[in-house]
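Worksheet for the structure shown next.
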Amino acid sequence: MAGNSLDDDLYGDSGPRSAKDLWAEEGEEIEVPEGEVEFIHDVPLKLIAQIGSVQKTMKEVVDLKPGHIIEFTKVVGEPMDVLIGGRLMCRGEIVVVNERYGIRISEVVRADDSRKGEA
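Sequential numbering from 0 applies to the sequence shown in numbering that gives the first Met the number 0.
Here is the structure:
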């Protein structure tokens, strides 16, 4: 019986799966014919790491000054969201690599899961 956990999604009964398989509907196989879509591999995509969101009034935004702190709802250690085109793609933890920020991916989100909150 298949579970609903991230481990079940990523590993299933047949071992690790690729990210493209996570975008398939339940039971649907995604076949990508070799060479037919390779031209899209070089398309640049902007990935945005989102540390959280907060709602402010116009007055609060206009009153912002250097030194002010904006608090977000995420807690230190909580996974950050990675978005492509405004859609949630994955989550992960912040890391530092060669004095630059990075994100170690901990969860790849299925395309249908990223739309659940939209109405």
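Glycine included, C-beta positions come from ideal geometry on N, C-alpha and C. Values in this document were obtained by computation on a predicted structure and should not be read as measured data.
In the DSSP assignment, residue 77 falls outside any beta strand (DSSP E), carrying neither H nor E.
With the rule of 3 Cβ pairs closer than 8 Å, the region 101 to 110 does not count as touching the region 64 to 75. DSSP, read as helix, strand or coil, puts residue 92 in strand. In the three-state DSSP reduction, residue 98 falls in the coil class, being neither helix nor strand. One Cα belongs to residue 89, the other to residue 80, and the distance between them is close to 6 Å. Taking a C-beta distance under 8 Å as the contact criterion, residue 47 and residue 82 qualify as a contact pair.
A straight line joining the alpha-carbon of residue 95 with that of residue 76 spans about 14 Å.
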